[in-house]
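These notes concern the structure reproduced below.
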Amino acid sequence: MRLPDEQLRAGHIPADLYRQIPPGADMRRVLIVQEAPRSYTGPIVLTLVITAGSVAVLLVIAFVTQVITASIVSVLSATCGISYTLSRTSKRKKAPRALSK
Numbered sequence: 017m018r019l020p021d022e023q024l025r026a027g028h029i030p031a032d033l034y035r036q037i038p039p040g041a042d043m044r045r046v047l048i049v050q051e052a053p054r055s056y057t058g059p060i061v062l063t064l065v066i067t068a069g070s071v072a073v074l075l076v077i078a079f080v081t082q083v084i085t086a087s088i089v090s091v092l093s094a095t096c097g098i099s100y101t102l103s104r105t106s107k108r109k110k111a112p113r114a115l116s117k
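Below, the structure written as structure tokens:
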């Protein structure tokens, strides 16, 4: 019986609680109320929900920005003749050039 919980469950009253009981009280009728242990489920779930919500908001902002940019480019290319192209680098490696003397 190392912990106060074990002492209380076994019917023993720790000395610090024993001093708080008023003199003359019937020890058989004393009720000791313990505070419930803290649950970490709520804060963990709240943190996960906030993180998932933040990621979802960032993805929506990125998607909306991409749609707006594409629509602006399409309107500009249709009206002013301005075009926007994405160039991709070729995946083939070129043969090394021969050194000339």
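According to my numbering, the sequence shown is numbered sequentially starting from 17.
For each residue, glycine too, the CB sits at the ideal point set by N, CA and C.
Find out if the Cβ-Cβ distance for the pair residue i, residue j is shorter than 8 Å.
i         : j             : result
valine 49 : isoleucine 37 : no
Residue i CB to nearest chain C CB: under 8 Å?
i          : result
leucine 47 : The chain inventory of the structure shown lacks chain C, comprising one protein chain alone.
Please go through the same chain and pick out, in chain order, the residues whose beta-carbon is closer than 7 Å to the beta-carbon of residue i, but skip the five residues on each side of it.
i            : result
leucine 64   : none
glutamate 51 : none
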